[in-house]
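Chains as they are written, first to last, in the numbering used here: chain A, 260 to 441; chain B, 260 to 441. All C-beta atoms in this analysis are idealised placements derived from N, C-alpha and C, irrespective of residue type, glycine included.
Right, here's the structure in full:
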């Protein structure tokens, strides 16, 4: 059991080439369920997942992740599903804690829920890519997201064109770990 | 394989009562490894994990998670290990993206790495609790963390006193999910 999760972590990778095959609704539902059960500060659960599988709307979102300045997201149109992750208001205790400690817990919570979604997708044989760079204003308008909310991430979802697990490029452990002192 | 991760997600819960048994170093190393392999915006990896297993220092940190205003963290002293998660500076592309899009990606990244640590701990039979409420200034001084950095989370780590998996209290799926529109 110790090894399973590490293997899943290695399997989850940013997928930038997708098959056009549709994704089974029950698989998407399990990804949402894995995210729904995420921990959050004061159990605030400040998230909403908008699953976009209408191809016309999905392609419009894909276009909004690509700009002249950042052309590298042109792959997104291949993915049959895009999931837009909206940051909801925290509850009162989480909000007060954030202000007093000057620490926006909701963004930490969003990261947690997003990766639990993506890890479940990997367990389902699906590929994902979390995208933070997109035209948020236009995405919000397109999906009728209230102007007071933030659309934080777009997650592409679909079957990967290539199942090869790439070696992850990461800092060596000595650089990100120490014991009893910084 | 689809079910394994959902089961692990259910198993991971905030543990607030610990056995005093020490935690095997190889288990801690695998938790760090699961966190090290986390995705992050522009692969910035803006995190450092300080494992505190010196009992004197650990107890001092435990004391700093408890205040008169928030007395509920008094359990932390039981946990034999505390892990302090420091937010490092992002790389240039992540920083520029954060500024232009007004979105602090590093906090999202910290959430991702923290939960990958905690999920591996659950896979190892260990319990964790992520704590965002503590006296950051004093924790930083105690662990020689540079003043320019943020200590974002304290994660308690140890064997749970009770292995019973509690039912998670979460919003119903209808409240956190919609399709093609907010």
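Go ahead and label residue i buried or exposed: buried means 16 or more other beta carbons lie within 10 angstroms of its beta carbon, across all protein chains shown.
{"i": "residue 384(A)", "result": "exposed"}
{"i": "residue 424(A)", "result": "exposed"}
{"i": "residue 396(B)", "result": "exposed"}
{"i": "residue 284(B)", "result": "exposed"}
{"i": "residue 431(B)", "result": "exposed"}
{"i": "residue 311(B)", "result": "buried"}
{"i": "residue 262(B)", "result": "exposed"}
{"i": "residue 315(B)", "result": "exposed"}
{"i": "residue 279(A)", "result": "exposed"}
{"i": "residue 250(B)", "result": "For chain B, the structure presents residues 260 to 441; residue 250(B) sits outside this window and is missing."}
{"i": "residue 359(A)", "result": "exposed"}
{"i": "residue 298(A)", "result": "buried"}
{"i": "residue 321(B)", "result": "buried"}
{"i": "residue 373(A)", "result": "buried"}
{"i": "residue 268(A)", "result": "buried"}
{"i": "residue 281(A)", "result": "exposed"}
{"i": "residue 375(B)", "result": "buried"}
{"i": "residue 295(B)", "result": "buried"}
Given residue i, which residues of its chain have a CB within under 7 Å of its CB, disregarding the five upstream and five downstream residues?
{"i": "residue 350(A)", "result": "301 and 303"}
{"i": "residue 289(A)", "result": "379 and 383"}
{"i": "residue 271(A)", "result": "377, 378 and 381"}
{"i": "residue 404(B)", "result": "345 and 410"}
Taking 8 Å as the limit between beta carbons, can you name the residues of its chain near residue i, skipping five residues before and five after?
{"i": "residue 428(B)", "result": "none"}
{"i": "residue 252(A)", "result": "It is not possible to answer for residue 252(A), since the shown part of chain A is limited to 260 through 441."}
{"i": "residue 371(A)", "result": "297, 298 and 299"}
Identify whether residue i lies in helix, strand or coil by the three-state DSSP scheme.
{"i": "residue 416(B)", "result": "strand"}
{"i": "residue 321(A)", "result": "helix"}
{"i": "residue 429(B)", "result": "coil"}
{"i": "residue 282(B)", "result": "coil"}
{"i": "residue 355(B)", "result": "helix"}
{"i": "residue 409(A)", "result": "strand"}
{"i": "residue 436(A)", "result": "strand"}
{"i": "residue 307(B)", "result": "strand"}
{"i": "residue 387(B)", "result": "strand"}
{"i": "residue 381(B)", "result": "helix"}
{"i": "residue 344(A)", "result": "strand"}
{"i": "residue 441(B)", "result": "coil"}
Leaving out five residues on either side along the sequence, give the residues of the same chain with a beta carbon under 6 Å from the beta carbon of residue i.
{"i": "residue 307(B)", "result": "345 and 347"}
{"i": "residue 337(B)", "result": "277"}
{"i": "residue 317(B)", "result": "311 and 341"}
{"i": "residue 408(A)", "result": "345"}
{"i": "residue 411(A)", "result": "344, 346 and 369"}
{"i": "residue 419(B)", "result": "274 and 386"}
{"i": "residue 353(A)", "result": "300, 301, 303 and 364"}
{"i": "residue 323(B)", "result": "393, 394, 397 and 398"}
Please tell me whether residue i has its Cβ less than 8 Å away from any Cβ of chain A.
{"i": "residue 249(B)", "result": "There is no way to answer for residue 249(B), as the model of chain B reaches only from 260 to 441."}
{"i": "residue 313(B)", "result": "yes"}
{"i": "residue 320(B)", "result": "no"}
{"i": "residue 363(B)", "result": "yes"}
{"i": "residue 376(B)", "result": "no"}
{"i": "residue 368(B)", "result": "yes"}
{"i": "residue 442(B)", "result": "Because chain B in this structure spans residues 260 to 441, residue 442(B) falls outside the shown range and cannot be described."}
{"i": "residue 439(B)", "result": "yes"}
{"i": "residue 391(B)", "result": "yes"}
{"i": "residue 425(B)", "result": "no"}
{"i": "residue 405(B)", "result": "yes"}
At least one CB of chain B closer than 8 Å to the CB of residue i: is that the case?
{"i": "residue 428(A)", "result": "yes"}
{"i": "residue 414(A)", "result": "no"}
{"i": "residue 417(A)", "result": "no"}
{"i": "residue 289(A)", "result": "yes"}
{"i": "residue 382(A)", "result": "yes"}
{"i": "residue 379(A)", "result": "yes"}
{"i": "residue 348(A)", "result": "no"}
{"i": "residue 293(A)", "result": "yes"}
{"i": "residue 358(A)", "result": "no"}
Residue i CB to nearest chain C CB: under 8 Å?
{"i": "residue 371(A)", "result": "Note that chain C does not occur in the displayed structure, where the protein chains are A and B."}
Compile a chain-ordered list of the residues in the segment 260-285 of chain A whose CB is closer than 9 Å to at least one CB of chain B.
-> When C-beta distances to chain B are compared with 9 Å, the residues of the segment 260-285 of chain A below that value are 260, 261, 262, 263, 264, 265, 267, 268, 269, 271, 272 and 273, in chain order.
What residues in the segment 298-312 of chain A bring their beta carbon closer than 8 Å to a beta carbon of chain B?
-> Under the 8 Å Cβ criterion, the segment 298-312 of chain A contributes 298, 300, 302, 304, 306, 307, 308, 309, 310, 311 and 312.
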